[in-house]
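Letter by letter, the sequence shown follows residues 290 to 505 in our numbering. Scroll down for the structure; my scribbles are underneath it.
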Amino acid sequence: MSETTDLRQIQRRIHQLMSFEDGLWDLLLGSIFMFLAIYPVTRELLGPVWNLVLFLSVLALLVVGQLVVQHFVSAPRIGYAQPRRSPKLRLLVIFTILMVLITFGLVLWTLLSPGPEISASVPAEDSSGRSYMVELIVVLVMGGLFSTMGYLFGVTRLYFYGWMVGLANLASVYMVHNAGWTVLIPLAIAAGIILLIGFVLLVRFLRKYPLRVEGA
Numbered sequence: 290m291s292e293t294t295d296l297r298q299i300q301r302r303i304h305q306l307m308s309f310e311d312g313l314w315d316l317l318l319g320s321i322f323m324f325l326a327i328y329p330v331t332r333e334l335l336g337p338v339w340n341l342v343l344f345l346s347v348l349a350l351l352v353v354g355q356l357v358v359q360h361f362v363s364a365p366r367i368g369y370a371q372p373r374r375s376p377k378l379r380l381l382v383i384f385t386i387l388m389v390l391i392t393f394g395l396v397l398w399t400l401l402s403p404g405p406e407i408s409a410s411v412p413a414e415d416s417s418g419r420s421y422m423v424e425l426i427v428v429l430v431m432g433g434l435f436s437t438m439g440y441l442f443g444v445t446r447l448y449f450y451g452w453m454v455g456l457a458n459l460a461s462v463y464m465v466h467n468a469g470w471t472v473l474i475p476l477a478i479a480a481g482i483i484l485l486i487g488f489v490l491l492v493r494f495l496r497k498y499p500l501r502v503e504g505a
């Protein structure tokens, strides 16, 4: 029993080291939500279709860039490891993919749907009776998804990320409909916090695991 527990702890530590230790995942996540925070601005400039194309292109570049940096910066410092593909790990991957798709679907539906045009000469419509059920669902889904990931991988900050981003999304949508905000400032603040944490983790990782010099 003790050996099984130790093996699970080792596997969890490997996942932490390979996926979350260097802060690149945090930088990727923060960058995505930062772009979502300014999405309404670029939508006004480019239009809905081209703005969505821009978002998907930026998303692809961010993901590829994260993988490239991880391969050339992180992997040489910590080495390579192939975690055992257990049924639990497969279920986790499937669950994570499904929850990410659902979460980003809700977020994108909330943030990217066309809203009322705001004009300086026309007062904003009263949105006091608007239901925020979708945004509340986003809060619960984001909080539940990231809390589950935080528990399974033993990464405490993921609990904070999920609830912070969900509540920031709710506050952003509320201010869009009640104050006419274009930039989603609460979501941008949340994204900035994640980016700052990622940058600090990356600097700490580079100092903790210096690049090995051949022949040394």
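Each residue gets a CB set at the ideal place from its N, CA and C atoms; glycine is no exception.
In the structure shown, the three-state DSSP call for residue 420 is coil. In the structure shown, residue 311 falls within a coil segment according to DSSP collapsed to helix, strand and coil. Shown here, residue 444 sits in coil according to DSSP, grouped into three states, outside any helix or strand. Taking each of 325, 366 and 357 in turn and checking the Cα distance to residue 314, the smallest one comes out for 357. Each residue's CA atom was taken as its position, placing residue 458 and residue 475 some 7 Å apart. Rounded to whole angstroms, the Cβ separation of residue 351 and residue 317 is 6 Å, and the two are in contact under 8 Å. In the DSSP annotation of this structure, the continuous segment of the alpha helix (DSSP H) that includes residue 494 starts and ends at 474 to 497.
Residue 437 sits in a helix when the DSSP states are folded into three classes. Bounds of any alpha helix (DSSP H) do not take in residue 361, whose DSSP letter is neither H nor E.
The C-beta distance from residue 343 to residue 335 rounds to 6 Å, short enough to meet the 8 Å contact threshold. The beta carbon of residue 500 sits closer than 8 Å to those of 365 and 366, all from its chain and outside the five residues before and after it, given in chain order. In the structure shown, residue 339 adopts helical secondary structure according to DSSP, grouped into three states.
Taking the C-beta atoms as reference points, residue 484 is found nearer than 8 Å to residue 320.
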